[in-house]
Structures are given as structure tokens and as C-alpha cells.
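Input: a single structure, listed below in C-alpha cells.
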Amino acid sequence: MNKIIESKKPYVSQMFSEISGEYDKLNRILSFCLDIRWRRKVSSKLILSKLVLDFCAGTGEMAITLLSRHSFKGKVILCDFNEDMLKVAKAKLKRSGFLERACIVLCDVERLPFKNNISDGAMMGFSLRHMEDLDLFFNETKRVLRKNKKAVFLDVAHPEVKLIKRIYFLYYDKIFPKLSRIFSKGHAHVYSYLPNSLKLFFKQKDLLNMLKKMGFSEVAYQNVFFGTGAIYTLIK
Ligand SMILES: C[S@@+](CC[C@H](N)C(=O)[O-])C[C@H]1O[C@@H](n2cnc3c(N)ncnc32)[C@H](O)[C@@H]1O
Numbered sequence: 001m002n003k004i005i006e007s008k009k010p011y012v013s014q015m016f017s018e019i020s021g022e023y024d025k026l027n028r029i030l031s032f033c034l035d036i037r038w039r040r041k042v043s044s045k046l047i048l049s050k051l052v053l054d055f056c057a058g059t060g061e062m063a064i065t066l067l068s069r070h071s072f073k074g075k076v077i078l079c080d081f082n083e084d085m086l087k088v089a090k091a092k093l094k095r096s097g098f099l100e101r102a103c104i105v106l107c108d109v110e111r112l113p114f115k116n117n118i119s120d121g122a123m124m125g126f127s128l129r130h131m132e133d134l135d136l137f138f139n140e141t142k143r144v145l146r147k148n149k150k151a152v153f154l155d156v157a158h159p160e161v162k163l164i165k166r167i168y169f170l171y172y173d174k175i176f177p178k179l180s181r182i183f184s185k186g187h188a189h190v191y192s193y194l195p196n197s198l199k200l201f202f203k204q205k206d207l208l209n210m211l212k213k214m215g216f217s218e219v220a221y222q223n224v225f226f227g228t229g230a231i232y233t234l235i236k
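For the sequence shown, the numbering used here begins at 1 and goes up steadily by one.
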């Protein structure tokens, strides 16, 4: 008998709808502001691109980081399937004067509504773990990128040093839930999903091995802050 596998997308989308208003603040608190430096690191790798796709753009933090860099003269297309997160992104882009260099597209990044080879850069922040079908997503990335162009993906990761790993998961298991209870407005249950999604996600080396089989010309990752985060660079 065929098994019907339920999609996790409605659950993920509902979760981000609930926290869209507080996502930025919570992100800063729970990452001790490390996300700011990591996003800048990603943006520095795409500075020469003219058209960058921001996958799972959420509240627009990656897009605004890139658009804020003086040497970046290009445009960004923000893609996300959650309207509430994109509404926040739109308001922030307007406030910061970047709306004219941005385009917002409500879509599933595993099935992008774009032609082949349309962009010369792509990025994604903190969302690899939320993909339902990573193969499909990486194939879509490869399809829409032009040859020799780069996709740069940032996400939380598994520390590779034992002691750091212990401290990190202690933080995720004991402190993170308490902080999210204090600072989130009654959505602490959502924040219990986030550490679990990391625990279940690939370790950096395993994801790299998977990427090596996807037909990109180069793939690499760089750990940030002792491997609590990782930046993957894929060249088509
Ligand atoms: C953790 S947030 C990341 C937001 C932003 N990239 C950042 O760096 O802060 C994850 C986002 O991914 C979106 N998302 C998850 N799966 C998606 C999919 N298959 N297609 C489009 N968006 C998706 C959610 O709606 C949410 O806005």
C-alpha cells in the first residue's frame, strides 16, 4: 500500500505567521547578535552580483544586509511562501529606502516560478533546515543560477569540537526555551521546534557530501563561530 507522506510546509508556514512580528527581535536575542556578522559575511560574497535571489527571505534581513552595502549596486528578489513574513520585509524595505531595488515574490523555493539561468547570485539565511526536499531545492538553485555564479547559504550548524558542542546543545536545551518563553509573546512552542530542527538536520560534512553529488562545479563550507553556524558556497 502506498504511504501518504504529509507535507510539513503548512506547519512551517503557520509557525512563521505566528512569529512574524517578533522574528527579528527574537533572532537577535537568541543568537546574541551573531546573525548580523554572519549575514554580512554572506553578503560580502555576493557584492558584485547584479541580480540576487534571496530564498526564504522572511522579514528581509539578508536582502537588507546586502542592499545596505555601498559596493553592492544590484537588485534582490525576495522569495518566500509566507505572506506575513513578506509583509514585514516590505515595510522594512520601504523604511530603509530599498524597495525600488527589491522585488517580492510569494512562492515555494522548491518550485521557483523563474526561467532558467536568470540570476547571477543567490542566498538563503537560516532556512536549509526547513526544506522539505533538499534535492529539489538544490536542483532549482542550479537551474535558476547562471554558469559560474554563486549561491551562498547560511544556517545554524553542528559544532565540530566536542566541548563547544556540549555547551551549544546545553544552551539549546536549557537556556533557549527559557529565553524564548520570556521574550516571545506566547509562541514559545514555536521556538522548541527550532532547536529540534537543527538536531535532526545534516552535519556540515554530510551536507557537503550530498552537495557534491548535485552537479555544482564547486561546493564548500566555512564554519562560523566554532561551527555553531556554517556558510555553504555553491558555484554552478
Ligand atoms: C527562519 S526564517 C528565515 C528568514 C530569513 N531568511 C532570515 O535570514 O532571517 C525561514 C523562512 O523560510 C520560509 N520558508 C520555509 N520553507 C519555504 C519554502 N519551501 N518556500 C518558501 N519559503 C519557505 C518561511 O516562511 C520563513 O519565512
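C-beta atoms are modelled at their ideal positions from N, C-alpha and C, and glycine is treated no differently. In this text, all values refer to a predicted model and were calculated from it rather than measured experimentally.
Would you give the residue range spanned by the alpha helix (DSSP H) that residue i belongs to?
{"i": "threonine 65", "result": "61 to 67"}
{"i": "tyrosine 191", "result": "188 to 199"}
{"i": "tyrosine 168", "result": "162 to 170"}
{"i": "lysine 178", "result": "176 to 183"}
{"i": "lysine 75", "result": "Taken as a continuous stretch (DSSP letters only), lysine 75 belongs to no alpha helix (DSSP H), being part of the beta strand (DSSP E) at 75 to 80."}
Is it right to say residue i is buried, meaning 16 or more other beta carbons lie within 10 angstroms of its own, or is it exposed?
{"i": "aspartate 120", "result": "buried"}
{"i": "phenylalanine 32", "result": "exposed"}
{"i": "methionine 1", "result": "Note that methionine 1 has pLDDT 49, beneath the 50 cutoff, so the model's placement of it is unreliable and the number below is only indicative. It counts as exposed."}
{"i": "isoleucine 36", "result": "exposed"}
{"i": "asparagine 82", "result": "buried"}
{"i": "tyrosine 232", "result": "buried"}
{"i": "alanine 206", "result": "Checking the displayed sequence, the identity of residue 206 turns out to be aspartate instead of alanine. With fewer than 16 Cβ atoms within 10 Å of its Cβ, aspartate 206 is classed as exposed."}
{"i": "glutamate 218", "result": "exposed"}
{"i": "glutamate 132", "result": "exposed"}
{"i": "proline 113", "result": "exposed"}
{"i": "glutamine 14", "result": "exposed"}
{"i": "valine 161", "result": "exposed"}
{"i": "glycine 215", "result": "exposed"}
{"i": "lysine 236", "result": "buried"}
{"i": "aspartate 237", "result": "Nothing in the structure corresponds to residue 237, since the chain is present only between 1 and 236."}
{"i": "serine 43", "result": "buried"}
By Cβ distance, which residues of its chain are closer than 6 Å to residue i, with the 5 residues on each side in sequence left out?
{"i": "glycine 229", "result": "Trp38, Val156, Ala157"}
{"i": "methionine 85", "result": "Phe16, Ser20, Gly58, Thr59"}
{"i": "glutamine 204", "result": "Ala157, Tyr221, Ala230"}
{"i": "serine 127", "result": "Cys56"}
{"i": "arginine 146", "result": "Asn117, Asp120"}
{"i": "leucine 234", "result": "Ala151, Phe216, Val219"}
{"i": "aspartate 108", "result": "Phe81"}
Within the continuous beta strand (DSSP E) that includes residue i, where are the two ends?
{"i": "leucine 154", "result": "145 to 156"}
{"i": "aspartate 133", "result": "Note, aspartate 133: premise wrong, no beta strand (DSSP E); not H, not E."}
{"i": "asparagine 223", "result": "218 to 224"}
{"i": "leucine 207", "result": "Not the beta strand (DSSP E): leucine 207 falls in the alpha helix (DSSP H), residues 204 to 212."}
{"i": "glycine 227", "result": "Unbroken run through glycine 227: none, as it is neither H nor E."}
Taking 8 Å as the limit between beta carbons, can you name the residues of its chain near residue i, skipping five residues before and five after?
{"i": "leucine 26", "result": "Ile19, Ser180, Phe183, Ser184, Tyr191"}
{"i": "lysine 73", "result": "Lys50"}
{"i": "glutamate 61", "result": "Asp24, Asn27, Asp35, Arg39, Gly125"}
Give a single yes or no on whether residue i has its beta carbon closer than 7 Å to a heavy atom of ligand 2.
{"i": "histidine 70", "result": "Here the bound small molecules are ligand 1; ligand 2 is not part of this structure."}
By Cβ distance, which residues of its chain are closer than 7 Å to residue i, with the 5 residues on each side in sequence left out?
{"i": "alanine 188", "result": "Pro177, Ser180, Arg181"}
{"i": "isoleucine 47", "result": "Arg69, Ser71, Phe72"}
{"i": "phenylalanine 137", "result": "Val109, Glu110, Met131"}
Any beta carbon from chain B within less than 8 Å of residue i's own beta carbon?
{"i": "glycine 215", "result": "No chain B appears in this structure, which consists of one protein chain only."}
Worksheet entry | Length at least 3, wholly inside the region 89 to 123: the beta strand (DSSP E) runs in chain order | Entirely contained in the region 89 to 123, the beta strand (DSSP E) runs reaching 3 residues are, in chain order, 102 to 106.
Item to complete: Counting only runs of 3+ residues fully inside the region 7 to 51, write out the beta strand (DSSP E) ranges in chain order.
Response: Secondary structure within the region 7 to 51: not one fully enclosed beta strand (DSSP E) run of 3 or more consecutive residues is present.
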